[in-house]
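Colleague: Got a structure for you, written out below as structure tokens; questions coming shortly.
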Amino acid sequence: MDLCSLRDLRGQPTAVNLFRQALEQGRLAHAYLLVGPEGTGKATAVRALTAELFCESRKACAQCRACGKLLRGTHPDFLVLSREGERISLARVREAERFLRYPPLEAPAKIVLVQEAERLTPEAANALLKSLEEPPAYAHFFLTAVSTERLLPTIVSRTQVVRFRALSPEVLEGLLMERFNLSPEEAQVLALLAEGSLGRALRFSRAGLLEDLHRLAAAARSEDPGLQLKAVEALGARKDRLPDLLYLLELWLWHSFLADRGLRPYPPGLPEPAPAKDIFSLAEEVERVREGLESYANPELSLIYLLFRLSEAWSGGLSDENTLLQHKAGT
Ligand SMILES: [Zn+2]
């Protein structure tokens, strides 16, 4: 884990000012709910605030004993509840109750971070609500969520809501280059594709998804069946990344459309734009494959299909005939 201070948090001035003032005035609320898109720095903000509060020199120095323990994830006064599998169980909330039973051992306060609070089971949410109702003076809860809609209204009303915004492409681009050492070309295109989420940009980057997109486009372009088959094999072997790859395909089509209409410059890090007249049909097909992904026994088949349609679009235009999916649907 990287230790950063509130000062380093980009693109969230409202949240940073609010937390900064609360720290300076010693008036941290007992429960905050940080709401905003995935990958916009919500948990990072909580870790930064905790580091500033716990640090021996109060500035998240990353050098002192307290910072060292936070970095290693061993600080006795900081507890993170995150999901195991899909949910956060009642057992985890009970663990937080035990954690809060005694005053802090080393720090001025005890902090509980509940990541993705919408994943609490109903029992866990109810138990957490009890803790939120009567917290000990030294306890501070920070819940993160994408929206308030899937949370118990009683939980929301017990917390102070802090909004996090999608990050602008400029902020994302800077972060990707400075903090994650991406090349300017990769940073620029990922910043555009990630739609405001640093988390998504990093996931794309680590999984090599941009390379996958280039490989798919090059294979479709080549009209060489051998090369196409090789590309499908390579991509099909990485099934877990298929949803992200399909998402990128849609974004690529979207940027092809925007550039074709002269609405936005075409990002240089993307494959050559998709053929303008078939963009919408192709996007619909990608969407349909995405929706059906769960039910396909063989995701490679859906890739072969998309590659075939793309190749067709490039070599003159899509035919409407008897597509593989219609064929499948009819059987
Ligand atoms: Zn420190």
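Sequential numbering from 32 applies to the sequence shown in the numbering used here.
Note that beta-carbon positions come from the ideal geometry of N, C-alpha and C, so glycine has one too.
1) Would I310 be called buried (16 or more neighbouring beta carbons within 10 Å of its own) or exposed?
2) Between E164 and ligand 1, is there a pair consisting of the residue's CB and a ligand heavy atom that are separated by less than 7 angstroms?
3) Across which residues does DSSP place F172 in a beta bridge pair?
4) Give every residue whose Cβ lies closer than 5 angstroms to any heavy atom of ligand 1, listed in chain order.
5) In angstroms with no decimal places, state the Cα-to-Cα distance between L54 and S162.
6) Quick check: what's the CA-CA separation for L25 versus A79?
7) With L240 as the anchor, note down where its beta strand (DSSP E) starts and where it stops.
8) Quick one, are the C-beta atoms of P396 and S287 less than 8 angstroms apart?
9) Going straight from the alpha carbon of K270 to that of L110, what length do you get?
10) Name, in chain order, the residues that DSSP records as bridge partners for V111.
11) For Q191, which beta-bridge partners are listed by DSSP?
12) What first and last residue would you give for the alpha helix (DSSP H) that runs through F235?
13) For V192, count neighbouring C-beta atoms within 10 Å of its own C-beta (all shown protein chains included) and say buried if the count is 16 or more, exposed if not.
14) For L349 and V263, which I take to be in contact (beta-carbon distance under 8 angstroms), what is that distance rounded to the nearest angstrom?
15) Quick one, are the C-beta atoms of F50 and A82 less than 8 angstroms apart?
16) Leaving out five residues on either side along the sequence, give the residues of the same chain with a beta carbon under 7 angstroms from the beta carbon of Y297.
17) Express the C-alpha separation of G257 and I119 in angstroms, rounding to a whole number.
18) Return the bridge partner residues of R118 from the DSSP annotation.
19) In chain order, what residues of the same chain lie with their CB nearer than 6 angstroms to the CB of R374, ignoring the 5 residues before and after it?
20) Within 10 angstroms of the Cβ of G227, are there 16 or more other Cβ atoms? Answer buried if so, exposed if not.
21) DSSP three-state call for H358: helix, strand or coil?
22) Taking the straight line between their C-alpha atoms, what separation do you get for L34 and S88?
23) Quick check on E264: does DSSP put it in helix, strand or coil?
24) Helix, strand or coil, according to DSSP, for L294 in the structure here?
25) Let me know if L136 comes out buried or exposed under the rule of 16 or more other beta-carbons within 10 Å of its beta-carbon.
26) Out of curiosity, what's the CA-to-CA distance linking E147 and G230?
27) Do the stretch 238-254 and the stretch 270-282 touch if we need at least three Cβ pairs shorter than 8 angstroms?
28) Sorted by chain position, which residues of the same chain lie with C-beta nearer than 6 angstroms to A140's C-beta, five sequence neighbours on each side aside?
Modeller: For this structure:
1) Translated into the one-based positions of the sequence shown, residue 310 becomes position 279. Buried, since its Cβ has 16 or more Cβ neighbours within 10 Å.
2) Counting from one through the sequence shown, the residue named residue 164 turns up at place 133. For ligand 1, not one heavy atom lies less than 7 angstroms from the Cβ of E164.
3) In the sequence shown, the residue the question calls residue 172 occupies position 141. Per DSSP, A62 and V143.
4) C86, C92, C95 and C98
5) Within the sequence shown, the letter at position 23 stands for residue 54. Within the sequence shown, the letter at position 131 stands for residue 162. L54 and S162: Cα-Cα distance of roughly 22 angstroms.
6) Nothing about residue 25 can be reported from this structure: the residues present for the chain run from 32 to 362 only.
7) Position 209 of the sequence shown, counted from the first residue, corresponds to residue 240. First-last for L240: L240 to S253, but that is the alpha helix (DSSP H), not the beta strand (DSSP E).
8) Given a span of 32 to 362 for the chain in the structure shown, any question on residue 396 remains unanswerable.
9) Counted from its first residue, the sequence shown places residue 270 at position 239. Counted from its first residue, the sequence shown places residue 110 at position 79. Whole-angstrom Cα-Cα distance: 34 angstroms.
10) By one-based count along the sequence shown, residue 111 stands at place 80. DSSP lists L144 as partners of V111.
11) What you label residue 191 is simply residue 160 of the sequence shown in a count that begins at 1. Q191 pairs with Y63.
12) Here residue 235 refers to the residue found at position 204 of the sequence shown. Unbroken alpha helix (DSSP H) run through F235: L229 to R237.
13) Taking the sequence shown and counting its residues from 1, the one referred to as residue 192 is at position 161. Looking at its Cβ environment, which holds fewer than 16 other Cβ atoms inside 10 Å, V192 is exposed.
14) Your numbering for residue 349 matches position 318 in the sequence shown. Your numbering for residue 263 matches position 232 in the sequence shown. With a Cβ gap of about 19 angstroms, L349 and V263 do not count as contacting.
15) Taking the sequence shown and counting its residues from 1, the one referred to as residue 50 is at position 19. Taking the sequence shown and counting its residues from 1, the one referred to as residue 82 is at position 51. Cβ atoms of F50 and A82: not closer than 8 angstroms.
16) As a working mapping, residue 297 is identified with position 266 in the sequence shown. For Y297, where only same-chain residues beyond five positions count, the Cβ hits under 7 angstroms are H286, A290 and P304.
17) Within the sequence shown, the letter at position 88 stands for residue 119. Within the sequence shown, the letter at position 226 stands for residue 257. Cα to Cα, the separation comes out at about 47 angstroms.
18) Residue numbering aside, residue 118 sits at position 87 when the sequence shown is read from its first letter. Partner(s): E115.
19) Any answer about residue 374 is impossible in this case: the structure gives the chain only from 32 up to 362.
20) Mapped onto the sequence shown, residue 227 falls at position 196. When all chains shown are included, G227 counts as buried.
21) Position 327 of the sequence shown, counted from the start, is the residue given in the question as residue 358. Low confidence applies to H358: its pLDDT is 45, below 50, so where it sits in the model is not reliable enough to give any reading.
22) Here residue 34 corresponds to residue number 3 of the sequence shown, with the count starting at 1. Here residue 88 corresponds to residue number 57 of the sequence shown, with the count starting at 1. The alpha-carbon atoms of L34 and S88 are separated by roughly 14 angstroms.
23) Position 233 of the sequence shown holds residue 264. If DSSP states are grouped into helix, strand and coil, E264 belongs with the helices.
24) Within the sequence shown, numbered from 1, the residue matching residue 294 stands at position 263. Note: L294 maps to coil in three-state DSSP.
25) Taking the sequence shown and counting its residues from 1, the one referred to as residue 136 is at position 105. L136 comes out exposed.
26) By one-based count along the sequence shown, residue 147 stands at place 116. By one-based count along the sequence shown, residue 230 stands at place 199. In a straight line, the C-alpha of E147 is about 14 angstroms away from that of G230.
27) yes
28) Position 109 of the sequence shown, counted from the first residue, corresponds to residue 140. Once the five neighbours on either side are set aside, the close Cβ partners of A140 are Y169 and H171.
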